[in-house]
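See structure below.
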Amino acid sequence: MLKKIIYLIVSGGLLLSGCSLDYEPLNGPSSGSFPASEEEAMAGLYAAYKGLANMTVKETPFPMRINDCISDIGTYRTGAGNQIKAMSSTLTADNTMCEKVYKTVYKIAGRVHLVLDNLDRLRGVIPEDRFNQIKAELLCIRAYYYDLGCQFYGDIPFIDHQLDLDDYSDYPRIPREQVTARLLQDLDDDLLDYLPVQWNPGTFGTTRIGRVAAYALKARIALNWGLWEEAARCSKIATTLAEGVYDLEPLDCTYYATHADGEPSAANLFGFAGQTSREWLWAIQYNRLINYTSATYYEAPRIHGGCSWLGPSQAMIDTFQCTDGKPITESPLYDWQNPWANRDPRLDLFCLRPDTRLWGVQYDTDVRVEKVKDYNQSTAGKEVLISNADAVGNKSEYAANGSKGPGGYLWRKYSDKGMMGLVNGTKTEDDINAGIIRFAELLLIEAEANIEWDGGDLAIAEANINRVRARVNMPPVTDRSREGLRKALRYERKAELCNEGFRWFDIRRWKIASKAVNGPMYAPGYSTVQNPGNYISNVKPSFDDDWVVTYDLSDTWDGKTGNLRVFQTMVFNPEKDYLWPIPYTELVTNPAIGVENQNPGY
């Protein structure tokens, strides 16, 4: 319903610019008179919500569906300049990715301020609860993006009102501790309590942020900056309010050994059907009529017209435990020659590996498999085979274009068969919503806060971790100490939240980036005519207590030389790479910052 409302707002011309106007037009609102009514305030609020969809990188929702590719758990095409620079410590202040994210943070804030600046004129004119609901929603949107800004850039200008064209250059960088303190102050409990626990899902879906999502956001911001007690307090409020309203979405954990057995899917949570799931607290909305992305094009395999641009790394695949809860190096259930069997179901639910199906078509990277079965067209009496564009041909992983190909695997999470036929080999009109907060993350926020806070309740942490694991039939944790629960928590965030954009932030919050993104990133070996099964890794991984994966190519399952290939050499300089550079255009146009105040190392 709200998608239709936003469409009407856009088509009606109510999206206003972020700069103040020099005069007040007679035929519409301006920043001087806006909002003059509750209707105008709501139109501005919806425009701010719509602005969330503008945060994209490579035409993909950011950070949700692309940011993990600049961490240890994701890969990208090897010709991707921005991502290579982010992973090799060679980002510069003129990097287009860094510049776009920075600008979008302030553009979205501008939409918020267009309403917020003059909202007080409606106090006493509209009901007090609706006034405070609008204010709370606007401040949540701003807090979400300013928190992202602080995590990427450190100290940033804190702009809390509409800017005139001539005063933009008067805003210096503010210490990020002060910025985040202000964000938490803005999200005052008394204000958030005006929000309904959940907006009517039949009318608004997951578009508007309700009270549960607002407290979850507040908890996340506190967690990001090590304010463990506040994170524990806010997450407790959120989980208590969520009872009977939000819950984990059941997932079908059936194991399909080969493509002939069936197709795994988590589309009831991460696809079109999942957009009404009780697990989503807040999500960015897309509608093919007015806004969409190309995310599926970048994630889909060649057989479906995608470019197989994004996928999990070998380290991510090896991270998934066996069904007994042990790492693959310790579990008797693991068979390196049949590595998909007896694994955490999230491997197949969230990742696309060889000898499986996607959208009813066989997916395989074995060069011997020149044709793959199309189950959509096949019948009991007729098997339909199509060319295996992922293993043969000039765009396969192994051909000339393959030198710029993926890292051996692709993402299944956020994949939906409803996109079949809409991926045309260049772009996609992908309007699957991009989740901002879901209930599983809230449980893990509360768990981490209680683990790290000296006064935390470890029983809550254990229960939350086990609740997330139980959803996919994984056994409960066995080490109930603070250290054991911390290790379990870091596994769960890595496994449960993969391809949702959290890993870049997590390894920085935990101060483990120096080991997580330093050294070779490995991918499966290439399948060849001489050695067709070479895409199955024979190298034993090593896992530390943070679930960071390393490899020694001389330590293999079969005693032979390791067959993994170096996909990229990762470099992390702790003196600079915890942050991105402030864009050069900002430094030269805002003398209150100046080039001398760039982040260290840039």
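Each residue of the sequence shown is one higher than the one before, counting from 1463 in the working numbering.
Built from N, CA and C at the ideal position, the CB exists for glycine as well.
### Message
Can you give me the C-alpha to C-alpha distance between Gly2024 and Trp1798, rounded to a whole angstrom?
### Response
Locating residue 2024 in the sequence shown gives position 562, counting from the first residue. Locating residue 1798 in the sequence shown gives position 336, counting from the first residue. Going by the C-alpha atoms only, they are around 13 Å apart.
### Query
In chain order, which continuous runs of the beta strand (DSSP E) of length 3 or greater are located wholly inside the stretch 1798-1825?
Correct list: 1818-1820 and 1823-1825.
### Query
How many Å lie between Leu1488 and Pro1497 at the Cα?
One-based indexing of the sequence shown puts residue 1488 at position 26. One-based indexing of the sequence shown puts residue 1497 at position 35. Low confidence applies to Leu1488: its pLDDT is 33, below 50, so where it sits in the model is not reliable enough to give any reading.
### Query
Measuring CA to CA, which of Glu1761, Asp1709 and Gln1783 is closest to Arg1952?
Counting from 1 along the sequence shown, the entry for residue 1952 is found at position 490. The residue with the shortest Cα to Cα distance from Arg1952 is Gln1783.
### Message
For a quick check, are the C-beta atoms of Asn1529 and Asp1609 less than 8 Å apart?
### Response
For the purposes of this step, residue 1529 is identified with residue 67 of the sequence shown, where counting begins at 1. For the purposes of this step, residue 1609 is identified with residue 147 of the sequence shown, where counting begins at 1. Their beta carbons are not under 8 Å apart, which means Asn1529 does not touch Asp1609 by this criterion.
### Message
Tell me the rounded alpha-carbon separation between Asp1919 and Leu1947.
### Response
Numbered from 1 along the sequence shown, position 457 holds the residue referred to as residue 1919. Numbered from 1 along the sequence shown, position 485 holds the residue referred to as residue 1947. Those two C-alpha atoms are separated by around 11 Å.
### Task
Identify whether Asn2000 lies in helix, strand or coil by the three-state DSSP scheme.
As a working note, residue 2000 is residue 538 in the sequence shown. Note: Asn2000 maps to coil in three-state DSSP.
### Query
Terminal residues of the continuous alpha helix (DSSP H) containing Phe1732?
Position 270 of the sequence shown, counted from the first residue, corresponds to residue 1732. Under the DSSP assignment, Phe1732 falls in the alpha helix (DSSP H) whose first and last residues are Ala1729 to Phe1732.
### Task
Hey, could you find the ends of the beta strand (DSSP E) Trp1744 is sitting in?
Here residue 1744 is taken as the residue at index 282 of the sequence shown, counted from 1. Segment Trp1742 to Ile1746, the beta strand (DSSP E) holding Trp1744.
### Message
I'd like the span of the beta strand (DSSP E) that includes Phe2029, first residue to last.
### Response
Taking the sequence shown and counting its residues from 1, the one referred to as residue 2029 is at position 567. Where Phe2029 is concerned, the enclosing beta strand (DSSP E) starts and stops at Arg2027 to Met2032.
### Query
According to DSSP, which residues form a beta bridge with Cys1784?
For this step, residue 1784 is matched to residue 322 along the sequence shown. Paired residues: Arg1805.
### Task
Just the C-alpha distance for Gly1883 and Arg1592, rounded to the nearest angstrom, thanks.
For this step, residue 1883 is matched to residue 421 along the sequence shown. For this step, residue 1592 is matched to residue 130 along the sequence shown. CA-CA distance, Gly1883 to Arg1592, rounds to 43 Å.
### Task
Grab the span of the alpha helix (DSSP H) containing Ile1699 for me, first residue to last.
Within the sequence shown, residue 1699 is the residue found at index 237, counting from 1. Run containing Ile1699: Trp1690 to Ala1704, per the alpha helix (DSSP H) assignment.
### Query
Which two residues bound the contiguous alpha helix (DSSP H) that contains Arg1900?
In the sequence shown, the residue the question calls residue 1900 occupies position 438. Per DSSP, Arg1900 lies in no alpha helix (DSSP H) segment; the continuous beta strand (DSSP E) that holds it begins and ends at Ala1896 to Arg1900.
### Query
What residue from Val1846, Thr1522 and Asp1852 has the CA that sits closest to Arg1830's CA?
The residue given as residue 1830 occupies position 368 in the sequence shown. Of the candidates Val1846, Thr1522 and Asp1852, the one whose C-alpha sits nearest the C-alpha of Arg1830 is Asp1852.
### Query
With C-beta atoms as the reference, is Val1939 less than 8 Å away from Ile1927?
As a first step, residue 1939 is located in the sequence shown; it is residue number 477 there, counting from the start. As a first step, residue 1927 is located in the sequence shown; it is residue number 465 there, counting from the start. Contact flag set, yes.
### Query
When the Cα atoms are used, what is the spatial distance from Asn1996 to Tyr1988?
Translated into the one-based positions of the sequence shown, residue 1996 becomes position 534. Translated into the one-based positions of the sequence shown, residue 1988 becomes position 526. Our two residues, Asn1996 and Tyr1988, have alpha carbons roughly 6 Å apart in a direct line.
### Message
I'd like the list of long-range same chain contacts for Gln1824, defined as Cβ closer than 6 Å, with 5 residues on each side in sequence excluded.
### Response
Taking the sequence shown and counting its residues from 1, one reaches residue 1824 at position 362. In the same chain as Gln1824, and ignoring 5 residues on each side of it, the C-beta atoms closer than 6 Å to its own belong to His1721, Val1834 and Lys1835, in chain order.
### Query
Where DSSP assigns a beta bridge to Asn1912, which residues make up the other side?
What you label residue 1912 is simply residue 450 of the sequence shown in a count that begins at 1. According to DSSP, Asn1912 bridges with nothing at all.
### Message
Check this for me: beta carbons of Asn2052 and Tyr1633, under 8 Å apart or not?
### Response
Position 590 of the sequence shown holds residue 2052. Position 171 of the sequence shown holds residue 1633. In this structure, Tyr1633 lies closer than 8 Å to Asn2052 by Cβ.
### Task
Find the nearest neighbour of Pro1986 within the set Gln1660, Val1979 and Asn2000, judged by alpha-carbon distance.
Taking the first residue of the sequence shown as 1, we reach residue 1986 at position 524. The residue with the shortest Cα to Cα distance from Pro1986 is Asn2000.
### Task
Answer yes or no: the CB of Arg1750 versus the heavy atoms of the ligand ZN, is any distance below 7 Å?
Ligands are entirely absent from the displayed structure, and the ligand ZN is therefore not among its contents.
### Separation of Tyr1871 from Arg1764, as counted between CA atoms
Start at 1 with the first residue of the sequence shown, and residue 1764 comes out as number 302. Start at 1 with the first residue of the sequence shown, and residue 1871 comes out as number 409. Cα-Cα distance, rounded: 12 Å.
### Message
Just to confirm, is the Cβ distance from Pro2045 to Asp1828 under 8 Å?
### Response
Position 583 of the sequence shown, counted from the start, is the residue given in the question as residue 2045. Position 366 of the sequence shown, counted from the start, is the residue given in the question as residue 1828. With respect to Asp1828, Pro2045 sits apart: the two C-beta atoms are not nearer than 8 Å.
### Message
Thr1818 and Tyr1717 - do their beta-carbons sit closer together than 8 Å?
### Response
As a working note, residue 1717 is residue 255 in the sequence shown. As a working note, residue 1818 is residue 356 in the sequence shown. Contact check for Tyr1717 against Thr1818 fails: the beta carbons are separated by 8 Å or more.
### Query
Would Glu1741 pass as a contact of Leu1710 if the rule is Cβ separation under 8 Å?
Sequence index remark: in the sequence shown, residue 1741 carries index 279 (1-based). Sequence index remark: in the sequence shown, residue 1710 carries index 248 (1-based). Cβ distance < 8 Å, so Glu1741 and Leu1710 count as in contact.
### Per DSSP, the bridge partner or partners of Trp1873
Along the sequence shown, read from residue 1 onward, the residue named residue 1873 stands at position 411. Within the DSSP bridge table, the entry for Trp1873 names Cys1813 as partners.
### Message
What does the alpha-carbon distance come out to for the pair Glu1500 and Pro2036?
### Response
Position 38 of the sequence shown holds residue 1500. Position 574 of the sequence shown holds residue 2036. Straight through space, the alpha carbons of Pro2036 and Glu1500 are spaced by roughly 49 Å.
### Message
Less than 7 Å between C-beta atoms, sequence neighbours within five positions excluded: which residues of the same chain meet that for Thr1781?
### Response
Along the sequence shown, read from residue 1 onward, the residue named residue 1781 stands at position 319. Lys1956, Ala1957, Trp2009 and Val2011.
#### Entry: For Tyr1677 and Asp1893, believed in contact at Cβ under 8 Å, the rounded distance
For the purposes of this step, residue 1893 is taken as the residue at position 431 of the sequence shown. For the purposes of this step, residue 1677 is taken as the residue at position 215 of the sequence shown. That belief does not hold up - the Cβ atoms of Asp1893 and Tyr1677 are roughly 29 Å apart, past 8 Å.
### Task
Evaluate Cys2003 with the Cβ neighbour count: other Cβ atoms within 10 Å of its Cβ, from every protein chain shown; 16 or more gives buried, anything less gives exposed.
Stepping through the sequence shown from its first residue, residue 2003 is reached at position 541. Per the sequence shown, the amino acid found at residue 2003 is Pro instead of Cys. Around the beta carbon of Pro2003, 16 or more other beta carbons sit within 10 angstroms, so the residue counts as buried.
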